[in-house]
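Reading through the structure tokens given below for one structure.
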Amino acid sequence: MTPSGTRAPGDVWVPAAELDGGNDDCGSGLLLSLTGSLRRIDVGQVLLLHTREPSVLADLPAWARLAGHELLSVVDGSGAPAGRGAGPWRISILRGERPGSAAAAQAAEGLSFTAGAMAPVGTRLWLYSNFHCNLACDYCCAGSSPQADPRLLAPDVAAAAVDEFLAMGGRELLITGGEPFLHPELGAIVTDAAARVPVVILTNAMVFGRGARRATLEAMDRGRVALQVSLDSAGPRIHDRQRGAGSHARALDGIALARELGFRVRVAATLYEEDLSSAPHLHAVLENLGIPETDRIIRPVADEGFADGGVHISLDTVEPEPTLTTEGIWWHPVGVTNEHLRVSAEPLPLAPAFETIRDVLAVQAAGSDEGRSVFRCT
Ligand code: SF4
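Position 256 of the sequence shown, counting from 1, maps to 256 under my numbering, and the rest follow consecutively.
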């Protein structure tokens with residue numbers, strides 16, 4: 001093992017140690033030296049493995065899964081996309097706990113999705129800027145995809161909503177989609193809003209790297225606009241299964257760019273219950289990236305839109321967070337494909353919809369104040 005070295009282009013993670021595996025394959029000693037190297041770093045730290053043996057790329061994922069570690073990235077030193085070049089390769093491995101060990105059981109104890117406080121109606125407003133997206137995630141609650149009707153929110157409607165929201169005491173604006181950076185007038189919407197209220201934009205961070213969208217991002221006020229980027233897992237295994245091949249690496253690039261540009265970046269993972277055990281790995285790599293725990297959220301899949309299972313969303317089970325789309329106002333941002341959760345058929349004005357929501361809450365409270373939980377998206 002060599003001490004931590006300088007980072008090469010393409011390596012996102014800061015390794016605690018490095019190992020030169022040379023030409024060894026997994027059957028000829030590499031696994032022994034790898035296991036020894038991983039045991040000399042702490043759980044949650046990253047080992048950078050250098051290898052010139054192509055078969056390692058095929059064999060390592062299964063070994064890592066069995067050993068409780070996470071393969072974070074594979075970078076081809078020739079500059080070719082992973083799996084297509086001739087190497088040598090640099091493989092970042094996050095040390096985990098051996099499944100079934102006492103330490104793993106202890107780590108798994110108390111695993112839960114991020115809890116959150118209820119936002120009183122009128123303090124928080126969600127805007128759906130658009131519904132189309134460069135991705136088509138298999139659990140997308142909005143049913144977004146490249147083929148989705150964009151349903152663009154007009155800047156004047158957004159501005160009028162912010163006017164009314166602030167006049168009623170609003171304090172927090174969140175913009176989501178679809179992928180908001182596909183909206184050609186996102187800059188106008190955000191500039192107007194951010195001058196008056198803090199704004200969080202939910203994004204997959206994959207489309208603002210260059211051109212007009214990069215200019216839109218760079219023009220935003222770092223002190224008033226934060227980005228919340230979707231990253232479902234430490235390595236690509238779960239994220240790419242849910243969001244598409246290669247999307248994990250592109251999300252990491254987007255996170256790095258946004259942070260380089262000076263934005264506060266929050267990270268949100270969406271997980272099915274059965275994948276919750278991967279959350280400690282994600283926390284570890286976000287720690288590695290320097291993203292504080294207060295800027296991380298692990299949320300469940302909502303059983304809406306494209307999702308096949310997940311948390312049931314209804315007026316009785318989820319605290320309201322009023323959400324405006326071109327087609328009206330909804331109970332919660334994860335319920336905008338569910339007609340049962342539409343509060344108003346028009347996006348404006350807000351006030352009658354807020355009053356309707358308060359009336360529903362009052363009636364529910366009169367009956368019972370139990371059975372509903374906060375569903376945190378941010
Ligand atoms: S979950 Fe987000 S990134 Fe994925 S398709 Fe839906 S809007 Fe796009």
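Even glycine gets a Cβ: it sits at the ideal position worked out from N, Cα and C.
For residue i, which beta-bridge partners are listed by DSSP?
i	result
P300	L271
L57	The partner list for L57 (beta bridge, DSSP) is empty, contrary to what the question assumes.
T176	Y128
T203	V229
L71	I93
V311	A302
W330	T323 and R342
A144	Correcting the residue type first, residue 144 is Ser in the shown sequence and not Ala. DSSP lists no partner for S144.
R266	Q228
V121	According to DSSP, which records beta bridges pairwise, V121 is partnered with nothing at all.
V318	S373
D76	W89
What does the Cβ neighbour count give for residue i, buried or exposed, with the cut at 16 atoms within 10 Å?
i	result
G27	exposed
E293	exposed
G223	exposed
G5	Annotation note: pLDDT 39 at G5 (below 50); position unreliable, coordinate value reported separately. Exposed is the call here.
V96	This sequence places Gly at residue 96; Val is not what is there. By the neighbour-count rule (16 or more Cβ atoms within 10 Å), G96 is buried.
R90	buried
A194	buried
N23	exposed
T35	exposed
P349	exposed
E79	In the sequence under discussion, the amino acid at residue 79 is Gly, which differs from the Glu named in the question. With fewer than 16 Cβ atoms within 10 Å of its Cβ, G79 is classed as exposed.
H340	exposed
E273	exposed
L32	exposed
R7	Reliability fails at R7, whose pLDDT of 45 lies under 50, so the model's placement of it is uncertain and the value that follows must be treated cautiously. When all chains shown are included, R7 counts as exposed.
P184	exposed
A62	exposed
P21	It should be noted that the sequence gives Gly, not Pro, for residue 21. Per the 10 Å Cβ criterion, buried.
A279	buried
G177	buried
D232	buried
Taking the Cβ atom as the reference point for each residue, do residue i and residue j lie within a distance shorter than 8 Å?
i	j	result
Y139	V301	yes
P99	R52	no
V199	V190	yes
A251	S230	yes
V46	P15	yes
G143	F375	no
G386	L71	In the structure as shown, the chain starts at 1 and stops at 378, and residue 386 therefore has no counterpart that could be examined.
I329	A362	no
L125	P320	no
V197	V162	yes
G85	D76	yes
A269	L261	no
G309	L135	no
A148	C133	yes
S277	L111	yes
T325	P347	yes
C141	T356	no
F208	F165	no
L60	S37	no
G44	E287	yes
I313	D303	yes
D275	I238	yes
L48	S92	yes
M220	A351	no
Please report the Cβ distance between residue i and residue j, rounded to the nearest whole angstrom; I am assuming they are in contact, meaning their Cβ atoms lie under 8 Å.
i	j	result
W13	V334	Incorrect: roughly 31 Å between the Cβ atoms, too far for contact.
V121	R342	At roughly 16 Å, the Cβ-Cβ gap does not stay under 8 Å, so V121 and R342 are not in contact.
P146	N130	In fact, because the Cβ distance is near 12 Å, the residues do not count as touching under 8 Å.
I298	L271	6 Å
T216	L186	6 Å
F263	A212	Incorrect: roughly 18 Å between the Cβ atoms, too far for contact.
V430	R372	Residue numbering for the chain in the displayed model covers 1 to 378; residue 430 lies beyond these limits and cannot be assessed.
V265	R296	10 Å between Cβ atoms; not a contact.
R39	A17	Not confirmed; about 11 Å, so no contact.
T123	R171	5 Å
T203	E218	So it is not a contact: roughly 14 Å between Cβ atoms.
Q228	C137	That belief does not hold up - the Cβ atoms of Q228 and C137 are roughly 15 Å apart, past 8 Å.
G254	A205	3 Å
R249	S73	According to the sequence displayed, residue 249 carries Ala and not Arg. Yes, they are in contact, since the Cβ atoms of A249 and S73 sit about 7 Å apart, within 8 Å.
| field | Ranges of the beta strand (DSSP E) found wholly within the region 11-54, counting only runs of at least 3 | value | 17-20 and 46-51
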